[in-house]
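Here is the structure we will look at, set down as structure tokens.
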Amino acid sequence: VSAYHHPGSSTPNKEDRGTCERTAAFPFSAYCKWYMERGMAWGSWFDHNKGWWEEYRQNPKQVLWVTYEELHADTIKTLRKIANFLEIKEANDELLQIIANKS
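Residue numbers (my numbering): -4 to 98.
Have a look at this one:
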């Protein structure tokens, strides 16, 4: 959904996979069909995430897997998880709350 809204109302540019020409009418259902058939400029979203998931499964200390749902459900806990992964020691609760409030 964010990939649909990010460029604004648009239609696919047939000459350049993954980019869009701006127009007034391009319904979400048409975008989904286009996206599933063509993917984005970098290829399939599913293949992209599958590669990172496989890397995470093989090297969990090298890749942090965070979902939007996790971040949305408990922002402070997830920010603490990210800070710990990045070995940021200064990430106290006050700082994490400030960051969460700015998002």
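Yeah, the Cβ is synthetic: ideal placement off N, Cα and C, and Gly gets one too.
Across the set Phe80, Thr73, Glu82, the C-alpha of Thr73 shows the shortest separation from the C-alpha of leucine 91. Three or more beta-carbon pairs separated by less than 8 Å are not found between the region 26 to 45 and the region 61 to 77, which leaves the two stretches without contact. Judged by their CB atoms, glutamate 50 and valine 58 are nearer to each other than the 8 Å cut-off. Per DSSP, the beta-bridge partners of methionine 35 are Gly38. For asparagine 79, the uninterrupted alpha helix (DSSP H) segment begins and ends at 70 to 80.
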